[in-house]
Amino acid sequence: MGEPLRSITIVGGGSAGWLAAAFLNRFGKAKDAKQGPEITLIESPNIPIIGVGEASLPGMVMLLHQLGISESEFFKQTDATFKVAAHFINWHHDEKGQPAEFLNILNAPPSIDGRQIADYFVSFDSARATASAGMSYVRTFSPVVEIVRGNLAPRRPGQPDFTGEVGYTYHFDATKLAAMLKDVATSRGVKHILDDVDNVNLDERGFVKSLSLRGRGEHPVDLVIDCTGFRGSILQQALGEPFESYADYLLNDRAAVVQIPHKDPRVIAPTTRATGFSAGWNFNIPLTTRVGTGYVFSSKFISDDKAIEELLAYYGDQAKGCEPRIIPIKTGRVRKAWVKNCVALGLSSGFIEPLEATAIFMSDVGVRWLYHFMPTRDFEPELAAGYNRQISRLYEEVRNFVQLHYHLNNRQDSAYWKAAREDVKLSDRFRENLEIWRNTTPQDIDLDSTVLFGAPVYSLVLLAKGFYKDARLATASSLSRSAYERYRNEVHDARPNQLKGLIGQAEFLKNGGKAVGGLLGGGRGVDLPSLGPTSTQIRLPAQPQSRGPAKRR
Ligand SMILES: Cc1cc2nc3c(=O)[nH]c(=O)nc-3n(C[C@H](O)[C@H](O)[C@H](O)COP(=O)(O)OP(=O)(O)OC[C@H]3O[C@@H](n4cnc5c(N)ncnc54)[C@H](O)[C@@H]3O)c2cc1C
175 MGEPLRSITI VGGGSAGWLA AAFLNRFGKA KDAKQGPEIT LIESPNIPII GVGEASLPGM
235 VMLLHQLGIS ESEFFKQTDA TFKVAAHFIN WHHDEKGQPA EFLNILNAPP SIDGRQIADY
295 FVSFDSARAT ASAGMSYVRT FSPVVEIVRG NLAPRRPGQP DFTGEVGYTY HFDATKLAAM
355 LKDVATSRGV KHILDDVDNV NLDERGFVKS LSLRGRGEHP VDLVIDCTGF RGSILQQALG
415 EPFESYADYL LNDRAAVVQI PHKDPRVIAP TTRATGFSAG WNFNIPLTTR VGTGYVFSSK
475 FISDDKAIEE LLAYYGDQAK GCEPRIIPIK TGRVRKAWVK NCVALGLSSG FIEPLEATAI
535 FMSDVGVRWL YHFMPTRDFE PELAAGYNRQ ISRLYEEVRN FVQLHYHLNN RQDSAYWKAA
595 REDVKLSDRF RENLEIWRNT TPQDIDLDST VLFGAPVYSL VLLAKGFYKD ARLATASSLS
655 RSAYERYRNE VHDARPNQLK GLIGQAEFLK NGGKAVGGLL GGGRGVDLPS LGPTSTQIRL
715 PAQPQSRGPA KRR
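Sequential numbering of the sequence shown, starting at 175, is according to this note's numbering.
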């Protein structure tokens, strides 16, 4: 074993850089400040952060908890809101040719006798397993549909931080998130240098020896983490690591983004809305103070000007006077995220596309895996190989799942949607799985990697898209109809209690989520009838997991 690292240098002060700094400072060193590597973050005063990336996955809940950040403080500092689902609208059409909708929620459904609820739904609720099944399937086991319809917060006023009736995560202001993580990291000892890295100096082995800073001169490095965004200044540019494009798999290569006021600030949806447009899709991310929105599109099918026109027309008066900016999107990943003594994190390591809000999560996972594979000053190649293998699998996992949304669309109204369905490359495993799933519902063993997207969420999307319409599963005869009915009755009886005391998210956040006289356990909570699972608390491990944050399902 070689000598321990003396220093870790992070270049880039976007959410990836500050997340890495805060995490490694918290877990990568002993409490005794004399031990462990010195952590420095260098950030250009001239190159702004990308400033988008405002929806997250449940790993963010665990991250805040592990960094010891209070949830109410986080809401206050980043204008954050709850997200209980991604709400897909117009990604496919129902039997009448009308835009269909579904919710991709953050809890795994329970199983009955070891089989997914999806199997029972397909077998015994086949009349409902149509192209508009998205909502009815989720209702079978979760109160999220009612929470979304009521624009409710998933937690009652006065309940402790990080607990909820259903799984949730957050939307936040990306710039404020980076600033908050910066305060956390610097207040706990991370050194911050505002300067430009003008040159990356390599030694005779091709390792990064030092960085030439415009103002401060030479900065020697041990381990360097490249968080320089799409530029990829160190790993891609200086070390020459090739970028493997996913352009053949995913059509979108640009986004028109803009921040707009709320239509009605008294109503804040607890969802990221993803609405199919003519040549891509629109994200709608509500914060307490504004809405972040954008049109993610393919330049092969629409020009920048036309995309901006479509986006602004969709929002009408709500976007009056707002000027969208265009962001080019490079989808794909570096061949190896860790080369010699340099690890790329965040956009410099790759990007799938904004759908499913996976990018910040992938930075989070990346830094957790780096913590697990942390090298000595010998930079053991086996550790880099292990890390690179996991990261490649994760990228492919996310790419495949994101492709599912596009490939299964049935829209006939635009050339873009036809191409998204028919003219993109699919991995062999993806094709094989679709054939398998014509006969049975997805299981984790079908998937090469399930860090984030396991079988239940595949089942949910397939069901929502009508994939199982008129299907007869071979396993149907082994399922107990009476057990399913018993389950549904229990769910039905439990649902009012699950919803009791939940209040509108706007009202909840106005009060910072704190207990307010008269609201606890009643107040203006909704009492909606119908179905749901036993309540799901978000489980929070006390220590970081080398496997990464909470699995989506
Ligand atoms: C349209 C769009 C929507 C998105 N939506 C989501 C979402 O909903 N959820 C999600 O998780 N992710 C989303 N993402 C991705 C998300 O924006 C990024 O993952 C996240 O912001 C992290 O960015 P970053 O820190 O890697 O890079 P950046 O924010 O670009 O930061 C780069 C940093 O590097 C510094 N830098 C660069 N070169 C140098 C140099 N030579 N010297 C010194 N410093 C340098 C810059 O100053 C800056 O501080 C979205 C991306 C796009 C394009």
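From the three backbone atoms N, C-alpha and C, an ideal C-beta is built for every residue, glycine too.
Other residues of its chain near residue i: CB distance less than 6 Å, five sequence neighbours each side excluded
i      : result
Ile565 : Ala511
His261 : Leu277, Thr445 and Arg447
Leu702 : Reliability fails at Leu702, whose pLDDT of 24 lies under 50, so the model's placement of it is uncertain and no value is given.
Thr402 : Val185, Gly186 and Ser522
Gly695 : Since pLDDT at Gly695 reaches only 24, below the 50 mark, its modelled position is unreliable, and no value is offered.
Gln492 : Ile434 and Lys437
Leu397 : Leu179, Ile182 and Asn515
Thr360 : His366
Gly534 : In the sequence as displayed, the identity of residue 534 is Ile instead of Gly. Excluding sequence neighbours, Ile534 sits near Ser189, Gly227 and Ser230.
Lys356 : Trp192
Arg362 : Asn199
Pro394 : Ser384
Pro549 : Leu557
Contacts around residue i, its chain only, beta-carbon distance under 7 Å, and the 5 residues preceding and following it disregarded
i      : result
Asp347 : Glu228, Thr252, Asp253 and Leu461
Ser633 : Gln290, Ala292, Thr615 and Pro616
Leu653 : Arg289, Asp293, Tyr294 and Ser297
Val541 : Leu193, Ala194, Phe197, Leu198 and Leu519
Asn574 : Ser601 and Phe604
His345 : Glu228, Ala229, Ala254, Thr255, Lys257, Thr446, Ile459, Pro460 and Leu461
Val358 : Ala196, Leu241 and Ile243
Run of the alpha helix (DSSP H) containing residue i, from where it starts to where it stops
i      : result
Val226 : Looking at the DSSP string, Val226 is not in any alpha helix (DSSP H), and its letter there is neither H nor E.
Val374 : Looking at the DSSP string, Val374 is not in any alpha helix (DSSP H); the run it does join, the beta strand (DSSP E), is Val371 to Leu376.
Ala353 : Ala348 to Ser361
Asp427 : Where Asp427 is concerned, there is no enclosing alpha helix (DSSP H), given that its DSSP letter is neither H nor E.
Arg605 : Asp602 to Ile610
Asn199 : Ser189 to Phe201
Glu418 : Premise fails: Glu418 lies in the beta strand (DSSP E), Phe417 to Ser419, not in any alpha helix (DSSP H).
Leu486 : Asp478 to Tyr489
Leu368 : Segment Lys365 to Leu368 is the beta strand (DSSP E) holding Leu368; no alpha helix (DSSP H) there.
Own chain, CB closer than 8 Å to residue i, minus 5 neighbours either side, in chain order
i      : result
Ser704 : Residue placement at Ser704 is flagged as unreliable, the pLDDT there being 20, under the threshold of 50; the coordinate-derived value follows with that caveat. For Ser704, where only same-chain residues beyond five positions count, the Cβ hits under 8 Å are Arg313, Glu320, His666 and Arg669.
Ala689 : For Ala689, the pLDDT reaches just 41, beneath the cut-off of 50, and the residue's location in the model is therefore unreliable, although a value from the coordinates is still provided. The residues are Pro331 and Gly332.
Pro219 : Leu368, Asp369 and Asp370
Gln577 : Tyr423, Leu424, Val598, Leu600 and Phe604
Asp622 : Arg567, Glu570, Glu571 and Arg603
Arg698 : Residue placement at Arg698 is poorly supported in this model, since its pLDDT is 28, which falls under 50; the coordinates are not used for a value here.
Lys350 : Gln251, Thr252 and Asp253
Tyr420 : Thr505, Gly506, Arg507, Ile526 and Arg573
Ser285 : Ile291
For residue j and residue i, believed in contact at Cβ under 8 Å, the rounded distance
i      : j      : result
Asn537 : Gly520 : Note that residue 537 corresponds to Ser in the displayed sequence, not to Asn. So it is a contact: roughly 5 Å between Cβ atoms.
Tyr342 : Leu280 : 6 Å
Gly628 : Asp618 : 5 Å
Asn456 : Thr449 : 5 Å
Gly635 : His579 : Going by the sequence as given, residue 635 is Val instead of Gly. Right, their Cβ atoms sit about 7 Å apart.
Tyr469 : Gly490 : Incorrect: roughly 15 Å between the Cβ atoms, too far for contact.
Range of the contiguous beta strand (DSSP E) that encloses residue i
i      : result
Asp400 : Leu397 to Asp400
Phe457 : Gly454 to Pro460
Ala443 : That residue, Ala443, is in no beta strand (DSSP E); it is neither H nor E in DSSP.
Lys599 : Element bounds for Lys599: n/a, residue is neither H nor E.
Tyr469 : Val465 to Phe471
Glu681 : Taken as a continuous stretch (DSSP letters only), Glu681 belongs to no beta strand (DSSP E), being part of the alpha helix (DSSP H) at Gln679 to Lys684.
Gly391 : Gly391 to Pro394
Ile213 : Glu212 to Glu217
Val382 : Val382 to Leu387
His436 : No beta strand (DSSP E) contains His436, which DSSP labels as neither H nor E.
Ser407 : Run containing Ser407: none; DSSP gives neither H nor E here.
Tyr342 : Where Tyr342 is concerned, there is no enclosing beta strand (DSSP E), given that its DSSP letter is neither H nor E.
### Query
Curious, which full-length alpha helix (DSSP H) runs of at least 4 residues does the region 492–559 contain?
533–546
### Task
Scan the region 622–674 and note each continuous alpha helix (DSSP H) run of 4 residues or more that stays entirely inside, going in chain order.
629–638 and 655–673
### Message
Closer than 8 Å is the cut-off here; do at least three beta carbon pairs connect the region 300–308 with the region 421–430?
### Response
no
#### Entry: Complete runs of the alpha helix (DSSP H) confined to the region 312–336 [at least 4 residues]
Assignment of alpha helix (DSSP H) within the region 312–336, counting only whole runs of 4 or more residues, yields 318–323 in chain order.
### Query
Along the chain, which unbroken stretches of the alpha helix (DSSP H) at least 4 residues long are found entirely within the region 229–301?
233–241, 245–252 and 291–298
### Task
Would you be able to state if there are at least three C-beta pairs under 8 Å between the region 603–614 and the region 640–656?
yes
### Task
Would you be able to state if there are at least three C-beta pairs under 8 Å between the region 379–396 and the region 468–475?
no
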